[in-house]
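Asks: In the numbering used here, the protein residues as written are 2 to 264. Glycine is no exception: its CB is placed at the ideal position from the N, C-alpha and C atoms. Fair warning: this is a prediction, and the values are worked out from it, not measured in the lab.
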Amino acid sequence: MKIALIQLTSSASYLTNLQRVSVMIENAMINSPSVVILPEYFIQLSNAENRFDIAQAAICLAIQSRLSELALQYRIYIVAGTIPIASATSGRYFNATLVFGPDGRLIKRYDKIHLFRLHQVDESYNETLHFDRGSQVCTFMVGEYKFGLAICYDLRFPELFREMGEVDAIILPAAFTETTGKAHWEILCRARAIENQCYFLAVNQGGWHESGHKTFGHTMAIDPWGSISDSCTIGEDIVYVEIDKNLINRVRSKLPAMNHRVL
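1. Since I believe Thr178 is in contact with Phe141 (beta carbons under 8 angstroms), could you give me their beta-carbon distance rounded to a whole number of angstroms?
2. Over what stretch of residues does the beta strand (DSSP E) that includes Ile38 continue unbroken?
3. Less than 9 angstroms separating the beta-carbons of Arg283 and Cys139?
4. Are there 16 or more other CB atoms within 10 angstroms of the CB of Arg106, so buried, or fewer, so exposed?
5. The alpha helix (DSSP H) spanning Tyr15 covers which residue range?
6. Within 10 Å of its beta-carbon, does Trp209 have 16 or more other beta-carbons around it, so buried, or fewer, so exposed?
7. Using 9 angstroms as the threshold, is the C-beta distance between Met221 and Cys190 below it?
8. Report the option in Thr90, Tyr75, Glu160, Ser69 whose CA atom is closest to the CA atom of Ala81.
9. Cutting at 6 angstroms between CB atoms, please list the residues of its own chain near Tyr15, excluding the five before and the five after it.
10. What residue does the alpha helix (DSSP H) around Phe162 start on, and which one ends it?
11. Would the region 32-42 and the region 223-235 be scored as touching if the rule is three or more Cβ pairs under 8 angstroms?
12. What is the rounded straight-line gap between the Cα of Ser254 and the Cα of Tyr241?
13. Cα-Cα, which of Val24, Glu211, Asn48, Ser47 is closest to Val37?
14. With DSSP as the reference, label Gly218 as helix, strand or coil.
15. Would you check if the distance between the CB atom of Asn197 and the CB atom of Arg251 is smaller than 9 angstroms?
16. Does DSSP put Leu46 in a helix, in a strand, or in coil?
17. Taking the continuous beta strand (DSSP E) assigned at Gly107, which residues delimit it?
18. For Leu116, does the three-state DSSP call read helix, strand or coil?
19. Does Ile64 come out as helix, strand or coil in the three-state DSSP assignment?
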């Protein structure tokens with residue numbers, strides 16, 4: 002099964018970003034992927050006060066309708082991670098990954114469980130100011146392949162991935178910052194692939210944004226042995242990977258670590 006990982010440098014305009022997504026997906030179709038993955042905050046990356054306007058019912062529905070149209074048009078699965086969706090508490094949101102099937106239907110939603118907080122002299126982030134945390138581990142099937150869903154900061158919590166059970170691939174849309182990305186991105190992504198003996202598909206934002214901060218990029222597809230199958234650096238790009246059950250089975254057979262767990 003071929004998968005396309007689309008790295009973006011999203012702007013503050015959701016309309017501009019939707020148009021860019023449409024173009025990038027069209028470009029990806031040259032290689033005939035079955036699944037296309039978008040990064041965290043693909044729909045908008047902004048610090049402006051009005052950045053949650055896109056969670057209003059009419060706009061949110063229009064965004065989802067466009068994603069549904071693209072999935073149906075190209076007969077693909079689109080893993081659209083992430084868009085803000087209003088919670089039951091006024092002024093609060095979930096950071097949600099939505100999965101659309103080849104028939105255009107929404108088949109799965111994952112709400113980010115671990116909310117990012119970073120505080121240092123010249124840089125500060127706190128997702129808990131606006132977002133509620135999700136509570137449900139999420140997996141879904143594409144044919145015979147089982148996928149697990151996580152988002153960005155979830156990467157640092159290996160127990161989440163154990164809760165998924167045996168999966169063939171883990172999908173991680175992200176907007177990893179330059180600061181933390183340089184230090185931790187590759188090593189954590191490869192560790193999650195190695196310890197779960199599955200493909201790890203890490204799709205990041207990459208570049209300078211209108212908000213004034215820089216994301217790390219380096220979107221990468223990692224195989225079950227921990228080797229990087231394909232990757233990019235910074236800027237908008239597409240990474241491809243062919244996932245193979247035979248390779249998963251060979252890795253798990255020669256080093257059956259999953260069967261050796263005692264806790």
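Replies: Put simply:
1. Contact annotation, Phe141 with Thr178: C-beta distance approximately 28 angstroms; criterion of less than 8 angstroms not satisfied.
2. DSSP places Ile38 inside the beta strand (DSSP E), whose first and last residues are 36-39.
3. In the structure as shown, the chain starts at 2 and stops at 264, and residue 283 therefore has no counterpart that could be examined.
4. Exposed, since its Cβ has fewer than 16 Cβ neighbours within 10 Å.
5. Counting along the chain, the alpha helix (DSSP H) containing Tyr15 begins and ends at 15-29.
6. Looking at its Cβ environment, which holds fewer than 16 other Cβ atoms inside 10 Å, Trp209 is exposed.
7. Cβ atoms of Met221 and Cys190: closer than 9 angstroms.
8. In terms of Cα proximity to Ala81, the closest of Thr90, Tyr75, Glu160, Ser69 is Ser69.
9. By the criterion of a C-beta distance shorter than 6 angstroms, Tyr15 is surrounded in its chain by Ile44, Gln45, Ile55, once the five residues flanking it on both sides are discounted.
10. Start and end: 159-163.
11. The region 32-42, when compared against the region 223-235, does not touch it at the 8 angstroms Cβ threshold.
12. Those two C-alpha atoms are separated by around 26 angstroms.
13. Ranking the options by Cα distance to Val37, first place goes to Val24.
14. Reduced to three states, the DSSP call for Gly218 is coil.
15. Using a Cβ distance threshold of 9 angstroms, Asn197 and Arg251 do not count as a contacting pair.
16. Of the three classes helix, strand and coil, the one that applies to Leu46 here is coil, per DSSP.
17. Note on identity: in this sequence residue 107 is Leu, with Gly being the wrong assignment. Under the DSSP assignment, Leu107 falls in the beta strand (DSSP E) whose first and last residues are 107-112.
18. DSSP places Leu116 in coil when its eight states are reduced to three.
19. When DSSP states are grouped into helix, strand and coil, Ile64 belongs to the helix group.
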